[in-house]
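> Under the numbering used here, the first residue of the sequence shown carries the number 12, and numbering increases by one thereafter.
In this text, a Cβ means the ideal position worked out from N, Cα and C, and glycines have one as well.
Values in this document were obtained by computation on a predicted structure and should not be read as measured data.
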Amino acid sequence: MEQKKFDLNSLIGFLLIGGILIWMLYLNKPSEEEIQAEKAKTEAAAKEKEKEVEQGADSKDVTLTEATTELANTNPNDSLALEGLKNRLGSFSYSSTLPSATDATTVLENDVVSLTVSNKGGYISEAKLKNHTTYTGEPVYLIKDGNASFNLQFTSENRLLNSEELYFEPSLTKNGDNNVLTMRLKTSPTAYVEYRYEVSPGEYMLDFSIKSQGLEGVMNTSQPIYLDWNLKGYRHAKSIMYENRYTRLTYEHEDEDFSKLSATGEDDEVEKNVDWMNFRQHFFSSMLLTDTPFKEVSFTSTDLVEDEAIDTVYTKKYGAKMLLEPKGGGLAYDMNMYYGPTDYKLFKKYDRNLDEAMPLGWGIFGMINKYIIIPLFGFLSGFLPAGLAIILLTVLIKLALSPVQYKQYLSQAKMKVLKPELDAIRKKHEGNQMKIQQETMKLQNIAGASPLKGCLPALLQIPVFYALFTFFPTAFDLRQKSFLWAEDLSSYDTIAELPFNIPFYGDHVSLFPILASIAIFIYMMMTMGQSMQAQQQPGMPNMKFLMYLSPLFMLVFFNNYASGLSVYYLTSNLITIGIMLVIKKFVIDEEKIKAKIEVNKKKPKKQNRFQRKMAEMMEQAEQQKAAQKKKK
12 MEQKKFDLNS LIGFLLIGGI LIWMLYLNKP SEEEIQAEKA KTEAAAKEKE KEVEQGADSK
72 DVTLTEATTE LANTNPNDSL ALEGLKNRLG SFSYSSTLPS ATDATTVLEN DVVSLTVSNK
132 GGYISEAKLK NHTTYTGEPV YLIKDGNASF NLQFTSENRL LNSEELYFEP SLTKNGDNNV
192 LTMRLKTSPT AYVEYRYEVS PGEYMLDFSI KSQGLEGVMN TSQPIYLDWN LKGYRHAKSI
252 MYENRYTRLT YEHEDEDFSK LSATGEDDEV EKNVDWMNFR QHFFSSMLLT DTPFKEVSFT
312 STDLVEDEAI DTVYTKKYGA KMLLEPKGGG LAYDMNMYYG PTDYKLFKKY DRNLDEAMPL
372 GWGIFGMINK YIIIPLFGFL SGFLPAGLAI ILLTVLIKLA LSPVQYKQYL SQAKMKVLKP
432 ELDAIRKKHE GNQMKIQQET MKLQNIAGAS PLKGCLPALL QIPVFYALFT FFPTAFDLRQ
492 KSFLWAEDLS SYDTIAELPF NIPFYGDHVS LFPILASIAI FIYMMMTMGQ SMQAQQQPGM
552 PNMKFLMYLS PLFMLVFFNN YASGLSVYYL TSNLITIGIM LVIKKFVIDE EKIKAKIEVN
612 KKKPKKQNRF QRKMAEMMEQ AEQQKAAQKK KK
């Protein structure tokens, strides 16, 4: 290895070179005249920049953030730079000279929610729900890592300013048991725009207000003032497609008129007098409510999920741009914010019509959910596990509907008794469909039996079934509740993962939909199989096709639905099958029904107006057909 030795000649050479460089710098130093000229040039550039800023809102928006940041970071001894930057910010440059003019944050929390508020912009930069987790076990964040913005846009001294680019001064205090955070964007110690947040113990709803003080000569209230709120919803569930189906922007406007934007694609709407808005993310909601309705709000919604395999982070992007109305030369809005579960019981207690933000069905379907299903399930789940509560709820509903089902099965039994006579009619008038229908209707009328009488009780059950169909996917009490092999009743159960994706079916196999499909098939075999041949007349639907279609529909499309809904359908159909067997074995005697039909045949049967009209129309059609044959 070569050893390093001290080289005297090299040292002398470096010293000579250094001396020459110092001598050259001394000879080329600027004169006093050149220094003054450079200073004048810098001042002229600063004035020119200020002039550019005042020429249009677009350039102001671009430079405002830069100016604010520069002012906060500029050396206080650099008076020239400070003056130029202050001119660009106007009166609100005062806030950027305060110690709070940093990207620091303040945490405002209670026992259920933690809110992080940023000095820059004064808005909530993080909202975490303490008692809830995602499907991966991580805390539920409604706001995090820049997925939301909250901006007050106004004109001041011919400048268009955005609060999200300016620095607020925080002050954290107590109001009894409540925690209060005041954020002030100041032009002086007594003139400011204020955001005030107040949280109460155990509450997801917080008080929020915006007001201005001492800004009569600074804030131009003759120009529009907007509050702009944007949020991209995070994924929280195992299936982002299923979660996205129930993720939607809803709002109340024009005195209790409720609307929503599209659940797919892009949608926008401009509404007047808006009372509240909900950026709903299936089981969680981010809401803004106001005591003074917003005069006008421009809503936007963009679906961010096109492919579940690729779009895995966000569900939808929401936006609401609210037009504010100044009062007394300033702003004064008392509002509320809500960051928490989309839970009917929580929404209902605030008495602000927030339950309308939930997809519980319209008209009678929503009424059944609100006044029957939700209270009953809430009572049952109060002392039973969620899975058992679903089963007991189903049992109670089926018992309540059993009289209707009895009527349905009685009609089917009558049709079964009449089948030999109906077959004889078809054989006797083979080829004459009009005559077959006439004789069939006549026989059914005399016997007091009709396929329609069997369908009518089934139609009466539809409102209850549809109400339950909308209830289970939105029942917050089912979220992350396990039952048998299902880990979460609000999501699909999985017994096998597939190495590929089947269109409409998915990349997994759920057991509850399979069992429910088998139960539906058995039920339809028992009901339709008895009267299928009797009903296969011209104009009647292919009942055999329907018998296979319904179980197939359940098997395919419910594979990605909440397993709680499949548990309900499985239980419901098993109970229905049991009730039908009991009715058939112990309640209905087909021999007695046949004897009663024979008695009815002997009695004069009075037709109602509809039956008479139908008989007349069919008779006329038969006569016209006979006349046409004679002409030929």
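Would you be able to state if there are at least three C-beta pairs under 8 angstroms between the segment 249-267 and the segment 180-188?
Result no; under three Cβ-Cβ pairs closer than 8 angstroms.
> Quick test of the definition: if touching needs 3 or more C-beta pairs under 8 angstroms, does the segment 157-172 touch the segment 207-219?
No: the two stretches stay apart, fewer than three of their Cβ pairs being nearer than 8 angstroms.
> When you compare the segment 190-198 with the segment 326-346, are there three or more beta-carbon pairs, one atom per stretch, that lie closer than 8 angstroms?
Verdict: no, contact absent.
> Leaving out the 5 sequence neighbours to the left and right, which residues in its chain are closer than 6 angstroms to residue 308 when beta-carbon positions are compared?
282, 285, 331, 333.
> For residue 373, does the count of other Cβ atoms within 10 angstroms reach 16, so buried, or fall short, so exposed?
That one is exposed.
> By Cβ distance below 8 angstroms, which residues in the same chain neighbour residue 302 in space, the five residues on each side in sequence not counted?
Cβ neighbours of residue 302 beyond the five flanking positions: 344, 345, 346.
> Along the chain, where does the beta strand (DSSP E) containing residue 141 start, and where does it finish?
From DSSP, the beta strand (DSSP E) with residue 141 extends over 135-144.
> Give me the Cα-Cα distance between residue 277 and residue 295, rounded to the nearest whole angstrom.
Taking the straight line from one Cα to the other gives about 21 angstroms.
> Tell me which residue opens and which closes the beta strand (DSSP E) that residue 151 is part of.
Segment 150-154, the beta strand (DSSP E) holding residue 151.
> Nearest by alpha-carbon distance to residue 120: which of 218, 174, 169 is it?
Of the listed residues, the one whose Cα sits closest to residue 120 is 218.
> Are three or more beta carbon pairs between the segment 129-146 and the segment 168-180 nearer than 8 angstroms?
Enough Cβ pairs lie closer than 8 angstroms, so yes.
> Cβ of residue 319 less than 8 angstroms from any chain B Cβ?
Among the protein chains of the structure shown there is no chain B, as only one such chain exists.
> Taking the alpha helix (DSSP H) that residue 186 belongs to, which residues open and close that run?
Residue 186 -> not in any alpha helix (DSSP H); beta strand (DSSP E) instead, spanning 180-186.
> For residue 160, name the three-state secondary structure that DSSP assigns.
Residue state, collapsed to three classes: strand.
> Quick one: grab the DSSP three-state call for residue 5.
What the structure shows of the chain is the stretch from 12 to 643, and residue 5 is not part of that stretch, so it cannot be assessed.
> Quick one: measure Cβ to Cβ for residue 573 and residue 489, integer angstroms, because I've assumed they're closer than 8 angstroms.
7 angstroms between Cβ atoms; contact.
> If you follow the alpha helix (DSSP H) that residue 587 is in, where does it begin and where does it stop?
Run containing residue 587: 574-593, per the alpha helix (DSSP H) assignment.
> Since residue 218 sits in a beta bridge, which residues does DSSP pair it with?
Beta-bridge pairing links residue 218 to 209, 347.
> To the nearest angstrom, how far is it from the Cα of residue 402 to the Cα of residue 419?
For residue 402 and residue 419, the distance between alpha carbons rounds to 23 angstroms.
> In three-state terms, what does DSSP make of residue 8?
No answer is possible for residue 8: it lies beyond the span of the chain, which begins at 12 and ends at 643.
> What number of angstroms, rounded off, separates the C-alpha of residue 169 from the C-alpha of residue 234?
If you take the alpha carbons of residue 169 and residue 234, they lie about 10 angstroms apart.
> Helix or strand or just coil, what does DSSP make of residue 384?
If DSSP states are grouped into helix, strand and coil, residue 384 belongs with the helices.
> Any idea if residue 593 is buried or exposed, counting beta-carbon neighbours within 10 angstroms, 16 or more meaning buried?
By the 10 Å Cβ count, residue 593 comes out exposed.
> Just confirm the distance between the C-beta atoms of residue 586 and residue 328, as a whole number of angstroms; I'd bet it's less than 8 angstroms.
Not confirmed; about 44 angstroms, so no contact.
> With DSSP as the reference, please indicate the residues paired to residue 400 in a beta bridge.
The partner list for residue 400 (beta bridge, DSSP) is empty, contrary to what the question assumes.
> Measure the alpha-carbon distance for residue 544 versus residue 533 and round it to whole angstroms.
Summary for residue 544: the model assigns pLDDT 46, below 50, so the residue's position carries little reliability, and this model does not support an answer.
> Do you know how far the Cα of residue 266 is from the Cα of residue 450?
One C-alpha to the other measures close to 58 angstroms.
> Report the CB separation of residue 566 from residue 506 in whole angstroms; it is logged as a contact under 8 angstroms.
Contact flag wrong, Cβ pair sits at about 14 angstroms.
> Grouping DSSP H, G and I as helix and E and B as strand, with all else coil, what is residue 305?
It is a strand residue.
> Can you tell me which of 298, 310, 326 puts its alpha carbon nearest to the alpha carbon of residue 258?
The candidate whose alpha carbon is nearest that of residue 258 is 326.
> Could you check what DSSP says for residue 361 in three-state terms: helix, strand or coil?
In this structure, residue 361 counts as coil in the three-state DSSP scheme.
> Would you kindly work out how many angstroms separate the C-alpha atoms of residue 513 and residue 503, rounded to a whole number?
So the alpha carbons of these two residues sit roughly 16 angstroms apart.
> Would you check if the segment 347-356 and the segment 313-327 touch, i.e. whether three or more CB-CB distances between them fall below 8 angstroms?
Touching, no, given that fewer than three Cβ pairs across the two stretches are closer than 8 angstroms.
> Assuming residue 299 contacts residue 288 under a Cβ cut-off of 8 angstroms, what Cβ separation, rounded to an integer in Å, is found between them?
The pair is a contact, with the Cβ atoms about 6 angstroms apart (cut-off 8 angstroms).
> By Cβ distance, which residues of its chain are closer than 6 angstroms to residue 518, with the 5 residues on each side in sequence left out?
These residues qualify, in order along the chain: 509, 512.
> Might you give, ordered along the chain, the residues of its own chain that have their beta carbon closer than 6 angstroms to the beta carbon of residue 398, omitting 5 neighbours on each side?
Taken in chain order, the residues that qualify are 494.
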